[in-house]
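Once you know that position 99 of the sequence shown is 599 in our numbering, the rest is easy, because the numbers rise by one and skip nothing.
Note that beta-carbon positions come from the ideal geometry of N, C-alpha and C, so glycine has one too.
Below is one structure, written out as structure tokens; comments come after it.
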Amino acid sequence: MALPVSVLVVEDEPAILELVAVNLEHAGFAPWRTASAEEAAQRLRQSLPDVALVDWMLPGQSGLALARRLRSDARTRELPIIFLTARSGENDKVAALEAGADDYLTKPFSPRELVARIRAVLRRRAPQLGEQPLEIAGLRLDPGAHEVSGNRQRLELSPTEFRLLHFLMTHPNRVYSRARLLDEVWGNDAVVEERTVDVHVRRLRQALAPSGHDALIETVRGSGYLLRTGTPS
Ligand code: CA
501 MALPVSVLVV EDEPAILELV AVNLEHAGFA PWRTASAEEA AQRLRQSLPD
551 VALVDWMLPG QSGLALARRL RSDARTRELP IIFLTARSGE NDKVAALEAG
601 ADDYLTKPFS PRELVARIRA VLRRRAPQLG EQPLEIAGLR LDPGAHEVSG
651 NRQRLELSPT EFRLLHFLMT HPNRVYSRAR LLDEVWGNDA VVEERTVDVH
701 VRRLRQALAP SGHDALIETV RGSGYLLRTG TPS
């Protein structure tokens, strides 16, 4: 049920782009193929990937300039960036890291190394939600297995409802505005509107209804939502 890890690939040489993308697909990732910094920026305006693989030497804007641009924009500041490059000089590595790269891979690289580096970067940047199973009043969420159960009855949640519930269960008894939930659960995705939160809360309640755990999620009029660990007073 978990969404595959999405990887933005920016590489102007078609053969390398295809090689990288195919290897990412084999590893279970979802590659987004782009051939220039401009194309990548356009793709990023639609939605954000989990990680970006950026070739240093690109026609037009360089990979280094793209990395600087991503780091200076609040929306993309946290996006992990790995450089792909034929350069291996010490000065180049320093420049890449100063531009905000999280890692640096020199061509030619093995597909296994590429995948291992991506996994390492994602682990370092893992969301604060964690992998620990959570349990509140008989409602259990297991991030590792991507499973939710209510009183031991399996409940079916879509990926978005799962993330929403995960966030609420790790931050119980506090009211969160729609805007804040968008930031935390959707990661600043510009295409999502605040009323989308209402739709997903409604779906989450429907998913939790079979075990009665929909009652844990309260609407706070004019403020937002909260998940209560006990009976409201
Ligand atoms: Ca290139």
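- Inter-residue distance for Leu524 and Gly722 is about 44 Å (C-alpha atoms, whole angstroms).
- Within 10 angstroms of the beta-carbon of Arg663 lie 16 or more other beta-carbons, which makes it buried.
- The segment 638–686 is shown to contain whole alpha helix (DSSP H) runs of 4 or more residues at 659–670 and 678–681, in chain order.
- Nearest to Leu716 by alpha-carbon distance, out of Pro710, Gly730, Gly724 and Gln706, is Gly730.
- By DSSP's assignment, Thr534 forms a beta bridge with Val510.
- In the DSSP annotation of this structure, the continuous segment of the beta strand (DSSP E) that includes Ala552 starts and ends at Val551 to Asp555.
- Counting only the Cα atoms, Asp642 lies some 12 Å from Arg652.
- The criterion of a C-beta distance shorter than 9 Å is satisfied by Val520 and Pro531.
- Non-local beta-carbon contacts of Arg617 in its own chain, meaning distances under 8 Å to residues more than five positions away in sequence, involve Ile582, Asp603 and Leu605 in chain order.
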